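Q:
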Amino acid sequence: MFGFFKKKKIAPEFNFSNIGTDMHSHIIPGIDDGAQTLHDSLLLAKKFKELGFKKLIATPHIMADYFRNTPESINRGLEILQKGLLEIQLDLEVNAAAEYYLDETLEKKIRQKEVLTFGNNYLLFELSYVNAPQNLIDFIKIIQDAGYKPVLAHPERYPYYYGSTENYHQIREAGCLLQLNSIALTGYY
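When we follow the working numbering, the leftmost residue of the sequence shown carries the number 1025, and every step to the right adds one.
1. Please say whether Lys1070 and Met1140 have beta carbons closer to each other than 8 Å?
2. Quick one: any contact between the segment 1189 to 1200 and the segment 1169 to 1178, if contact means 3 or more CB pairs under 8 Å?
3. Since Leu1062 contacts Ile1104 with CB under 8 Å, what's their CB separation in whole angstroms?
4. Comparing alpha-carbon positions, which option in Leu1147, Lys1132 and Tyr1192 lies nearest Ala1122?
5. Could you give the uninterrupted runs of the beta strand (DSSP E) lying entirely in the segment 1063 to 1150, keeping only those of 3 residues or more?
6. Between the C-alpha atoms of Asn1039 and Lys1137, what's the straight-line distance to the nearest angstrom?
7. Which two residues bound the contiguous beta strand (DSSP E) that contains His1048?
8. So the candidates are Leu1116, Tyr1090, Phe1072 and Gln1106; which of them puts its Cα closest to the Cα of Tyr1125?
9. Can you list the alpha helix (DSSP H) stretches of 4 or more residues lying completely in the segment 1152 to 1197, in chain order?
10. Between which residues of its own chain and Lys1079 is the CB-CB distance below 8 Å, once the five residues before and five after are set aside?
11. Have a look at Phe1072, Leu1130, Asn1042 and Gln1158 and flag the residue whose alpha-carbon is nearest the alpha-carbon of Ala1170.
12. Nearest by alpha-carbon distance to Ile1052: which of Glu1074, Glu1096 and Ser1041 is it?
13. When we look at the beta-carbon of Pro1067 and count the other beta-carbons within 10 Å, is it buried (16 or more) or exposed?
14. DSSP beta-bridge partners for Leu1201?
15. Taking DSSP as the reference, what is the three-state secondary structure of Ser1041?
16. Under 8 Å by Cβ, that's how I've got His1085 and Asp1057 pegged, so tell me the actual separation to the nearest angstrom.
Okay, structure coming up:
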């Protein structure tokens, strides 16, 4: 009758030891919509370890009007998490970058080199779930011209791209990588 009363599908567990690294998590406590306490973060870290991960790249949200995180606040949270992992003797490497929302402040942060990246200068960013960006290909070029490698977070979650692979091809042809949530491969979305 009402679809919103249905339980969400639960994805089967999988061994990720061959992958080894998760590069998009919200495990730093209390700074976005992910883990809220250190206890929550440590429970998540234990689960990542059980699933076979050896390394996590925490990517808290940075969004001008909602998640006002900075590289400094993220690194402070990372330090708290790393100390907690040491205390419980959990051998899991955790580094930090960020998941930047494509808003009116991001271009300035990129041009001023005020962004947290991972790996070899990869910059993770996300889009609105409501409106398709009018200038995405131009923005990808801005990221590249600043010396970063753009990575679009979870493109499978943007409803305006459903049913058309052409948008994904254009994004890839512009030199932007796509970060897919592994749960999407199970039909979750």
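We put the beta carbon where it would ideally sit given N, CA and C, even for glycine.
As the structure is a prediction and not an experimental result, all values here were calculated from the model.
A: On the basis of the data shown:
1. What sits at residue 1140 in the sequence shown is Leu, not Met. Annotated as distal: Leu1140 and Lys1070, with beta-carbon spacing of 8 Å or more.
2. Judged by Cβ distances under 8 Å, the segment 1189 to 1200 makes contact with the segment 1169 to 1178, as three or more pairs qualify.
3. Yes, they are in contact, since the Cβ atoms of Leu1062 and Ile1104 sit about 6 Å apart, within 8 Å.
4. With distances taken between Cα atoms, Ala1122 lies closest to Leu1147.
5. Uninterrupted beta strand (DSSP E) stretches at least 3 residues long and entirely within the segment 1063 to 1150 occur at 1079 to 1082, 1117 to 1120, 1123 to 1125 and 1146 to 1150, given in chain order.
6. Rounded to the nearest whole angstrom, the C-alpha separation of Asn1039 and Lys1137 is 37 Å.
7. Where His1048 is concerned, the enclosing beta strand (DSSP E) stretches over Thr1045 to Ser1049.
8. Cα-wise, what sits closest to Tyr1125 is Tyr1090.
9. Runs of the alpha helix (DSSP H) inside the segment 1152 to 1197: 1160 to 1169 and 1190 to 1197.
10. Hits under 8 Å: Gly1044, Thr1045, Asp1046, Leu1116, Glu1117, Val1118 and Asn1119.
11. Closest by C-alpha distance to Ala1170, out of Phe1072, Leu1130, Asn1042 and Gln1158, is Leu1130.
12. Considering only alpha carbons, the answer is Glu1096.
13. The amino acid occupying residue 1067 in the given sequence is Leu; Pro does not appear at that position. Exposed, because fewer than 16 other Cβ atoms sit within 10 Å of the Cβ of Leu1067.
14. Partner(s): Val1175.
15. Three-state result, Ser1041: coil.
16. About 7 Å separates the two Cβ atoms, so the contact holds.
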